[in-house]
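The sequence shown begins at 85 in our numbering and counts up by one.
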Amino acid sequence: MTITGIITALIVGLIIGALGRLVVPGRQNIPLWLTLVIGVAAALLGTVVARALGFADTSGWDWRELATQIVLAAVGVALVSGFAGRRSVSRY
Numbered sequence: 085m086t087i088t089g090i091i092t093a094l095i096v097g098l099i100i101g102a103l104g105r106l107v108v109p110g111r112q113n114i115p116l117w118l119t120l121v122i123g124v125a126a127a128l129l130g131t132v133v134a135r136a137l138g139f140a141d142t143s144g145w146d147w148r149e150l151a152t153q154i155v156l157a158a159v160g161v162a163l164v165s166g167f168a169g170r171r172s173v174s175r176y
């Protein structure tokens, strides 16, 4: 993987993570770097799921693949922020 591919993956991961964070209602108390990690993981996993279901290789924008990635990012953000919120509540 080239440096351009890594930078592109990070940018796409940040965008996917931010979109996933916007979809989840309420306030998420997770740092930006964790949103980036969740976004990169959701982008990779979403691509794998889209290829497994057969709709990753289309001409133009792959809207179903993008929607899959955003849904996975939203689920990841909700799970991580819920876990982080539960941990911070139990401290008091």
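By construction, the Cβ of each residue, glycine as well, lies at the ideal position given by its N, Cα and C atoms.
Run through DSSP, which three-state label would residue i get?
i      : result
GLY110 : coil
TRP147 : helix
THR119 : helix
THR152 : helix
ALA140 : coil
THR88  : helix
Within 10 Å of its beta-carbon, does residue i have 16 or more other beta-carbons around it, so buried, or fewer, so exposed?
i      : result
ARG111 : exposed
LEU163 : exposed
VAL132 : exposed
GLY89  : exposed
THR152 : buried
Counting only the same chain and skipping the five closest in sequence on each side, list residues whose C-beta sits under 6 Å from that of residue i.
i      : result
GLY139 : Inspection of the sequence shows that residue 139 is occupied by Phe rather than by Gly. Excluding residues within five positions, the ones whose Cβ falls inside 6 Å are ARG148.
LEU156 : ALA126, LEU129 and GLY130
Could you check the C-alpha separation between residue i and residue j for me, to the nearest Å?
i      : j      : result
THR119 : ILE99  : 9 Å
TYR176 : ILE154 : With a pLDDT of only 47 at TYR176, under the threshold of 50, the placement of this residue in the model should not be trusted; the figure read from the coordinates follows. Rounded to the nearest angstrom, the two C-alpha atoms are 33 Å apart.
GLY104 : VAL96  : 12 Å
ASP141 : ARG135 : 7 Å
LEU94  : GLY160 : 17 Å
Could you name the residues of the same chain whose beta carbon sits closer than 8 Å to that of residue i, not counting the 5 residues immediately before and after it, in chain order?
i      : result
ALA102 : THR119 and GLY123
My understanding is that residue i touches residue j, with C-beta atoms under 8 Å, so please give their C-beta distance in whole angstroms.
i      : j      : result
SER165 : ILE114 : 5 Å
VAL108 : ALA158 : 5 Å
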